[in-house]
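Enquirer: Quick one: this structure, given as structure tokens, is what I'll be asking you about.
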Amino acid sequence: MDFPWTSPADFPRELWRVLHAKQETKSNGMGLVAGAPWLRLPFQTNLAAFTGSIMAHRNQDRLLSPYISFFEDKAEAEQWCLAAEEYLHETTHIIQFVINDDMLQALSMGTFRAFRVKDVARQLGLEDSILGYGSERGFSDSEFMWLGAAPVTNFFVVESSKDIRQRKQKEMYPILNLDGETKCKCELDGRAKVGETHLCVTKYDCRSTDVNMWMYR
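Residues in the sequence shown are numbered from -11 upward in steps of one, following the working numbering.
Given below as structure tokens:
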């Protein structure tokens, strides 16, 4: 990569990576390594090859890619994590990647290279959709692409797709505080046992299939 699409000063302090067993990106004990870490596609000598490589990666074409995807927006990473779980029928994860001062210096020196996809589109005067599929409507399309490899020393918090679903259930269906006791309407009506995970009628009808579709899409 021969152009600084995203200034180190514009990098967030953390990114999020989706992890599952079917990815081309692998761990070698020192960090994550892209499917084709040796591949370099200079923008200034071959613009079509460079933009084509981004499109192929984001469209999940069956080609080895030099990039590793991260997301600035944790909610967007969670969306992809849950979608991967549904497609693969197995537990998937997201992992936090911390951009500390040492990493910012490494990015400034070119030791590591990465960019925000939207910055490439903006600086080339392209529509975001030209560079491949982003996330579903309602998400910020906050994807970053890391070139080649990302060091293990910057990875920290891991959360499973199961944990994400359970947390989203609690966030989506708030409880009522009645008479000093923490109970939801389902528990008060006897539709659910106290503390039991369930579809709550505080905001929605437990029998609503739309709720199921929203939660597990």
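Quick reminder that beta carbons are idealized off the backbone N, C-alpha and C, glycines included.
The structure presented is a predicted model; accordingly, all values stated were derived computationally and were not measured.
#1: Report the residue from V146, P30, A138 whose alpha carbon sits nearest the alpha carbon of S57.
#2: Just to confirm the assignment, what range does the beta strand (DSSP E) spanning Q84 have?
#3: Below 8 angstroms between beta carbons: does that hold for G136 and P25?
#4: Just curious, the beta strand (DSSP E) that W68 is in, first and last residue?
#5: Sorted by chain position, which residues of the same chain lie with C-beta nearer than 6 angstroms to P0's C-beta, five sequence neighbours on each side aside?
#6: Assuming L29 and S41 are in contact, meaning their beta carbons sit under 8 angstroms apart, how far apart are those beta carbons, in whole angstroms?
#7: Compute the Euclidean distance between the alpha carbons of Q84 and W68, then round it to the nearest angstrom.
#8: When the Cα atoms are used, what is the spatial distance from W202 to R153?
#9: Terminal residues of the continuous alpha helix (DSSP H) containing S41?
#10: Could you check whether the stretch 65 to 81 touches the stretch -3 to 15, counting it as contact only if at least three pairs of C-beta atoms, one from each stretch, sit closer than 8 angstroms?
#11: Mind checking who M133 pairs with in its DSSP beta bridge?
#12: Near K10, which residues of its chain fall below 7 angstroms by C-beta distance, leaving aside the five closest residues on each side in sequence?
#13: Rounded to a whole number of angstroms, what is the C-alpha to C-alpha distance between F100 and T79?
Expert: Answer, in terms of the structure:
#1: Answer by Cα proximity: A138.
#2: Start and end: 81 to 86.
#3: The beta carbons of G136 and P25 sit closer together than 8 angstroms.
#4: Premise fails: W68 lies in the alpha helix (DSSP H), 62 to 76, not in any beta strand (DSSP E).
#5: So the list reads E60, once near-sequence residues are dropped.
#6: The Cβ separation is near 5 angstroms, so the contact holds.
#7: Straight-line Cα distance between these residues: approximately 14 angstroms.
#8: Only weak support is given to the placement of W202: the predicted model assigns it a pLDDT of 27, under 50, and the value that follows is read from those uncertain coordinates. The alpha-carbon atoms of W202 and R153 are separated by roughly 12 angstroms.
#9: Following the DSSP letters along the chain, one finds S41 inside the alpha helix (DSSP H) bounded by residues 35 to 46.
#10: Contact check between the stretch 65 to 81 and the stretch -3 to 15: three or more CB pairs, one atom from each, fall below 8 angstroms, which counts as touching.
#11: Partner(s): S57, F103.
#12: Sequence-distant partners of K10 (beyond 5 residues in either direction) whose C-beta falls short of 7 angstroms from its own C-beta, in its chain, are L76.
#13: Approximately 30 angstroms between the Cα atoms of the pair.
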